[in-house]
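Chemist: Chain order of the listed sequences is W and V. Position one of the first sequence corresponds to residue 1 (our numbering), numbered consecutively onward. Position one of the second sequence corresponds to residue 1 (our numbering), numbered consecutively onward. Beta carbons are placed, not taken as given, at the ideal position from N, Cα and C, and that holds for glycine.
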Amino acid sequence: MELYTHQDQDFISLDDSQEMDDHISSLRYAGIIQHALMPNPQILKGYIRDYFILFLPRDIVSGDFYYAFCNRKKICIAVGDCTGHGVPGALMSILGISLLNEIMQSGVILKANRVLNLMREKVMKALDQKGESADTKDSIDIALCLIDCASNRMEFSGAGRPLYMVRNGDLIEYKADNMTIGIDPVQEKSFTNHCIVTSPGDSFYVFSDGFCDQFGEMTDKKFKYKRFRELIESVQGLKMKQQKLVLEKTFNDWKGKTQQVDDVIVFGFQI
Amino acid sequence: MKLTAFRIRNFRSIVDSGWQNLSPDNITCLIGQNESGKTSVLEGLKDFFTGIISEDILRSDLSLPEVSCRFFVPQGWLLKVTENPGPELKELLSGLNHVELTRKWIADLSSVVNVSGEISQYLDSLEDAWKLYLGNVVIKLEEELSFIELLESEILRITEEEKEIRSKRGSRGLSLKGLWVFGGKKKESIPDHNLPLDVLKVRLDEIRKNKEEKVGELAKKHALKQAGEKWKRLKSRLATTEDHLKYLSVRLEERHQKMTLLMQDTNDKTDHQWQAVLSDFRKTLAERDESLAELENHIALSGYVITGSSEEEAELKVSNVIQSYKSKYNSSILGKKYFEYCPVFELFEDFGSLLPNRIDMEDIVSGNKQVEGYKAARNFLSLAKLDYSFFQQPSSRILKQKIENLNQSLTHNFHDFWQQSIGRNNKIHIQFELEHYNASYGQKAGKPYLEFWIKDEGERLYPKQRSRGVRWFLSFYMELKASANLKDRHLVLLVDEPGVSLHARAQEDVLKVFEDIKDKIQIIYTTHSPHLVEINKLHRVLAIQRDDLDSMRSNTRILDPLKLSSASANTLTPLQSIMGNPMAGEGFSSRKVNLIVNDAGSFYMLSAIMILMGFKGKVTVIPSTNVSTIPLLCNIMMGWGMDFAVLLFNNNEENKLAGSLKETIFNTDSSNRELVIRMSEGFLNVEDLLSTLDFKNHILESREGVTVPNSVCIREKELPRNFILSRFLSGVKAGKVKIDDFDEETNENFRMVIDILKGLK
């Protein structure tokens, strides 16, 4: 029995490099779409003093994403790190961005941890996670800040991702809950809501684990959080744009010619 | 005009009912024990309309009755019916959407309807200003009159002095010893031998000159003197009239007292002496008003005379000043004007309003209301559009045919009414006949009378031989139909014990009729019967009871629907008869606030919250069977006289109910407490008080993602809500679930609920 039509045979016989080009151009286009889906942080202008986003995807599309939302009462800044990278991570990131948009635009007055609780329900629903062994284990780690425009208060809630705050040169870490946005291996609990009274000049950093997990060319060791904290402390006094340059250079120097192990995102902002 | 509230004072057992709002849906029910004063309320309202009261209305202290009614009027209506009100009154009237009228009776038991409330307050303030103005004029007038008296006495004294000097000059033995010259200074005594004639002459000239000045001054005050004299006369006349009026009032009071004790009618037309007193009282009253008006007018006029105006000028100025101080209207004029538009109050009671077996034409024609069934017969003739001339028809055959046609038409119309209001068929035929007394009736022989029959399937019976229900309905139907002739005026129908001795089914039919007509006619009725109180409409109930329940001499008190908790058990008997004994209902508490919630599920959840939060307040949660039966529960609570509130979640059904509860059941609520508690947005039902996570952990017991409100999740999944919430309560009661097991979102919501419960104290 003839399995392939003449046309099929023609297709299979196409040049491999042509196929690859098509895949790459397709991915590039997907990357453009993904990037377009991430809100333009320009909307934060006028509400926060300064910010930078260091976004270094490992592949054309990324499993990391940043999120910014402002409705004149509340500002939401978040950085997400989806399981995996590349296409699966990118799909999850798009789900994450969509769900955050849905929650923030619902008009319900929320707390930071309730945003994450709600987001987790939606992810579990979307991925049909019910605590059964056959469930997909995909999830999103996220650090989410909710800033009250009318006061000097900020809430932070972290699903596996912490918040660094630098005040007067000292770095303070707000730890994340050891849970993710997705089904928990044991039982879901409410995320912790950290309330922070901010002072003018305070700098905040939310980031994925890509920077700290990067192996160094020279050392063959991970950059690690200790060094990352020191790096953050060291760039204080610089403007946010310059901080970004320093971080980017440090990362590239550390990485050298080794392969980037994961997507990298660092969202720094000053209020 | 629609009657919205009333206040009755000094009327039989009622000292002061306070303002009592009527049910906004046009049916108000008065409940209470015998002799509590229910009928007095109806009579008070009827007498407000008719103005006619009898002796037995007066209380033992003989204080005179007052009945006030508040009417709703469309905004701007008062302005339309009040011609040229003046700028201030115009502004007041244009903003009002109600008007209060008060009928006050006076010693001779005649009465006057005054406008009261805001309008009379304004008019009284004008009157006060007018009185103040007159008071000031009187003070000036008195000063001027004193001055005139002083001038006159001076002139008199100077004349005396002049005479004395003249006589002394004549005898040359002149002495000015002991004399005073004008100015008050005592002259030094001059010995007679030192007084030459020329000195006396000079002195005399001085006196003459002084006298001329004084006389001239007095002449200028002539008009004022006359005005003062008239003022004194008018004042004296008014005082005399008032004294006489007081004397007559005392006599009237004595008469009232005596006749009340003897249980006799005071208004005996054959008692000429008494009639003369009455006539004198009314005449004196009119005289008093006339004298007062004349006195006030004269005082005002005198004010201008003081300032030098001529009498003509003063009169003109007086009319101007009266216009500026006094409105062309007073409480009485406006009261009379507005009363013309007041609804007609008709009292429907058994004796006069039920169709009699027969009634003499003479009694109908003469308007003898003392005859049994007079009103019913009058209604009947009004319905048939008959007057006395109809019965003058010379041809007996034509007359009988006309009567037959009328009988058929009335029967047909009554059947329509019965079918429409009661929803059942009725086969009775109404029939009236014109008959003449035969010779055996003595003086009445040959005189015409009307005879009424009610035929049912061929059986011909007098109205009194028929069931009371049929007779009542037929008579009531005629009352309603006759009221249609009122044209533009509304009707307030006061029905005294409509259900008395009617079968329960017939009593319920009475309610159906009331419901059917309430959009056109306001009904206020008294009852003892549980069948005449609608269980889900207790906002219509006013409870009437005595201050001292064991004393029929104590005052009558009226309690509005939300104050039924103060009513005695006996007063509430009709309500408790339909609702059962409150003690039989588990959870109901007369010592706690009963918080009504939509269903058993909410009851379970709220009970669990109270346990978890350790709430020990005086609140008991009462589950309704569903949202639509919440008003019924409210009515039950009112009927049992218990404190209650309603907790409503933020869903369409309960949001709608919130509005209707406030319009009906909580219409009279004047407490500061929020008795209809509405949960904020997001709390569609009680289970939404849990965070999604806690809902999944403790209620659903499942880990799947829930992206809708908990209540929607239960509905979409068609879960047995009451069962799972009941299971939750059991877990809480068993200590398996503790407050620490809930996240901060749930805890925050629980605290909010407890704050609400605390607010109910």
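Is it true that the CB of leucine 684/V sits closer than 8 Å to the CB of phenylalanine 728/V?
Modeler: Taking the first residue of the second sequence as position 1, residue 728/V is located at position 728. Taking the first residue of the second sequence as position 1, residue 684/V is located at position 684. Their beta carbons are not under 8 Å apart, which means phenylalanine 728/V does not touch leucine 684/V by this criterion.
Chemist: Report, in whole angstroms, the separation of the C-beta atoms of glycine 37/V and serine 13/V, which I expect to be a contact under 8 Å.
Modeler: Indexing the second sequence from 1 puts residue 37/V at position 37. Indexing the second sequence from 1 puts residue 13/V at position 13. 5 Å between Cβ atoms; contact.
Chemist: Within the 8 Å Cβ cut-off, does lysine 74/W reach chain V?
Modeler: Within the first sequence, residue 74/W is the residue found at index 74, counting from 1. No, because no Cβ of chain V sits closer than 8 Å to the Cβ of lysine 74/W.
Chemist: Chain W partners of aspartate 743/V, CB-CB under 7 Å?
Modeler: Here residue 743/V refers to the residue found at position 743 of the second sequence. Under the 7 Å cutoff, chain W gives Ser190.
Chemist: Between the region 700 to 718 of chain V and chain W, which residues of the former have a C-beta closer than 8 Å to a C-beta of the latter?
Modeler: Within the region 700 to 718 of chain V, the residues whose Cβ lies closer than 8 Å to some Cβ of chain W are Ser702, Arg703, Glu704, Gly705, Val706 and Thr707, listed in chain order.
Chemist: Quick test of your reading: leucine 493/V and leucine 511/V, contact by CB under 8 Å. State the CB separation rounded to the nearest angstrom.
Modeler: The count along the second sequence starts at 1 and reaches residue 493/V at position 493. The count along the second sequence starts at 1 and reaches residue 511/V at position 511. Incorrect: roughly 14 Å between the Cβ atoms, too far for contact.
Chemist: For phenylalanine 11/V, which residues does DSSP report across the bridge?
Modeler: Mapped onto the second sequence, residue 11/V falls at position 11. In DSSP, phenylalanine 11/V forms a bridge with Ile14/V.
Chemist: Just tell me which of Glu100/V, Asn749/V, Asp61/V and Gly735/V has its CA closest to the CA of serine 332/V.
Modeler: To locate residue 332/V, count along the second sequence from 1; it is residue 332. It is Glu100/V whose Cα lies nearest to the Cα of serine 332/V.
Chemist: May I ask you to list, following chain order, the residues of the region 659 to 683 of chain V that have a beta carbon less than 9 Å from some beta carbon of chain W?
Modeler: From the region 659 to 683 of chain V, only Glu681 and Gly682 have a Cβ closer than 9 Å to chain W.
Chemist: Assign alanine 300/V to buried or exposed, taking buried as 16 or more other Cβ atoms, counted over all protein chains shown, within 10 Å of its Cβ.
Modeler: Position 300 of the second sequence holds residue 300/V. Burial call: buried.
Chemist: Quick one: list the residues of chain V neighbouring lysine 137/W, beta-carbon separation under 8 Å, in chain order.
Modeler: The residue you call residue 137/W lines up with position 137 of the first sequence. Residues of chain V passing the Cβ test: none, with the nearest at roughly 14 Å.
Chemist: Chain W beta carbons: is any one of them nearer than 8 Å to that of leucine 690/V?
Modeler: Mapped onto the second sequence, residue 690/V falls at position 690. Judged by the 8 Å Cβ criterion, leucine 690/V is not in contact with chain W.
Chemist: Under 8 Å, do proline 623/V and isoleucine 665/V count as touching if we go by C-beta distance?
Modeler: For the purposes of this step, residue 623/V is identified with residue 623 of the second sequence, where counting begins at 1. For the purposes of this step, residue 665/V is identified with residue 665 of the second sequence, where counting begins at 1. No.
Chemist: Find the residues of chain V that neighbour glycine 131/W, judging by a C-beta separation of less than 9 Å, and give them in chain order.
Modeler: In the first sequence, the residue the question calls residue 131/W occupies position 131. Within 9 Å Cβ-Cβ: Ser702, Arg703 and Glu704.
Chemist: Which chain V residues are close to glutamate 121/W, counting only those with a beta carbon under 7 Å from its beta carbon?
Modeler: Counting from one through the first sequence, the residue named residue 121/W turns up at place 121. Residues of chain V passing the Cβ test: Thr692, Gly705, Val706 and Thr707.
Chemist: Let me know if leucine 316/V comes out buried or exposed under the rule of 16 or more other beta-carbons within 10 Å of its beta-carbon.
Modeler: Mapped onto the second sequence, residue 316/V falls at position 316. The residue is exposed, with fewer than 16 neighbouring Cβ atoms inside 10 Å.
Chemist: Starting from the N-terminal side, write out each stretch of the alpha helix (DSSP H) that is 4 residues or longer and does not extend beyond the region 58 to 123 of chain W.
Modeler: Counting whole runs of 4 or more residues, the region 58 to 123 of chain W contains the alpha helix (DSSP H) stretches 86 to 104.
Chemist: Name the chain V residues that come within less than 8 Å of lysine 125/W, Cβ to Cβ?
Modeler: The residue labelled residue 125/W in the question sits at position 125 within the first sequence. Chain V residues near lysine 125/W: Glu704, Gly705, Val706 and Thr707.
Chemist: Taking the CB atoms as reference points, tell me whether leucine 144/W and leucine 116/W lie closer together than 8 Å.
Modeler: Locating residue 144/W in the first sequence gives position 144, counting from the first residue. Locating residue 116/W in the first sequence gives position 116, counting from the first residue. Cβ distance < 8 Å, so leucine 144/W and leucine 116/W count as in contact.
Chemist: Is leucine 612/V near phenylalanine 750/V, with beta carbons less than 8 Å apart?
Modeler: On the second sequence, position 612 is the one that residue 612/V refers to. On the second sequence, position 750 is the one that residue 750/V refers to. Yes, they are a contact pair.
Chemist: For glutamate 160/V and alanine 129/V, what's the separation of their Cα atoms in angstroms?
Modeler: Along the second sequence, read from residue 1 onward, the residue named residue 160/V stands at position 160. Along the second sequence, read from residue 1 onward, the residue named residue 129/V stands at position 129. Whole-angstrom Cα-Cα distance: 47 Å.
Chemist: Under DSSP, the beta strand (DSSP E) around serine 220/V begins and ends at which residues?
Modeler: The residue labelled residue 220/V in the question sits at position 220 within the second sequence. The sequence as given places lysine at residue 220/V; serine does not occur at that position. Lysine 220/V -> not in any beta strand (DSSP E); alpha helix (DSSP H) instead, spanning 197 to 220.
Chemist: In the region 166 to 187 of chain W, which residues sit with their C-beta less than 8 Å from some C-beta in chain V, listed in chain order?
Modeler: Within the region 166 to 187 of chain W, the qualifying residues are Ile183 and Gln187.
Chemist: According to DSSP, simplified to helix, strand and coil, what is threonine 4/V?
Modeler: As a working mapping, residue 4/V is identified with position 4 in the second sequence. Threonine 4/V falls in the strand class under three-state DSSP.
Chemist: Which chain V residues sit within Cβ distance under 9 Å of valine 108/W?
Modeler: Locating residue 108/W in the first sequence gives position 108, where the first residue counts as 1. In chain order: Glu681 and Gly682.
Chemist: So, for leucine 42/V: in the same chain, excluding its five sequence neighbours on each side, which residues have a beta-carbon less than 7 Å away from its beta-carbon?
Modeler: Position 42 of the second sequence, counted from the first residue, corresponds to residue 42/V. These residues qualify, in order along the chain: Leu347, Leu494, Asp496, Ile524 and Thr526.
Chemist: Tell me the rounded alpha-carbon separation between glutamate 144/V and leucine 200/V.
Modeler: For this step, residue 144/V is matched to residue 144 along the second sequence. For this step, residue 200/V is matched to residue 200 along the second sequence. Their Cα atoms are separated by approximately 35 Å.
Chemist: Is there a C-beta anywhere in chain V that falls below 8 Å from the one on asparagine 117/W?
Modeler: Within the first sequence, numbered from 1, the residue matching residue 117/W stands at position 117. Yes, because at least one Cβ of chain V sits closer than 8 Å to the Cβ of asparagine 117/W.
Chemist: Could you name the residues of the same chain whose beta carbon sits closer than 6 Å to that of histidine 412/V, not counting the 5 residues immediately before and after it, in chain order?
Modeler: Counting from 1 along the second sequence, the entry for residue 412/V is found at position 412. Hits under 6 Å: none found.
Chemist: What's the C-alpha gap between proline 34/W and phenylalanine 267/W?
Modeler: What you label residue 34/W is simply residue 34 of the first sequence in a count that begins at 1. What you label residue 267/W is simply residue 267 of the first sequence in a count that begins at 1. The sequence given here has glutamine at residue 34/W, not proline. One C-alpha to the other measures close to 17 Å.
Chemist: Nearest by alpha-carbon distance to phenylalanine 215/W: which of Gln242/W, Asp148/W, Val264/W and Val61/W is it?
Modeler: Here residue 215/W refers to the residue found at position 215 of the first sequence. If we check each option's Cα against that of phenylalanine 215/W, Val264/W comes out closest.
Chemist: Report yes or no: do three or more beta-carbon pairs, one from the region 716 to 734 of chain V and one from the region 149 to 160 of chain W, lie closer than 8 Å?
Modeler: No, the region 716 to 734 of chain V is not in contact with the region 149 to 160 of chain W.
Chemist: Measuring alpha carbon to alpha carbon, tell me which of Tyr51/W, Leu44/W, Glu19/W and Phe65/W ends up nearest lysine 244/W.
Modeler: Residue mapping note: residue 244/W aligns to position 244 of the first sequence, counting from 1. Selected option, being the one with the closest Cα: Tyr51/W.
Chemist: Relative to the C-alpha of serine 691/V, which candidate in Glu19/W, Arg28/W and Asn113/W has its C-alpha closest?
Modeler: Residue mapping note: residue 691/V aligns to position 691 of the second sequence, counting from 1. Out of Glu19/W, Arg28/W and Asn113/W, Asn113/W has the C-alpha closest to the C-alpha of serine 691/V.
Chemist: Between which two residues does the alpha helix (DSSP H) holding serine 726/V run?
Modeler: The residue labelled residue 726/V in the question sits at position 726 within the second sequence. It spans 721 to 733 - the alpha helix (DSSP H) in which serine 726/V sits, taken as one unbroken run.
Chemist: Unbroken alpha helix (DSSP H) runs of length 4 or more, entirely within the region 632 to 709 of chain V: which are they?
Modeler: Within the region 632 to 709 of chain V, the complete alpha helix (DSSP H) runs of at least 4 residues are 652 to 663.
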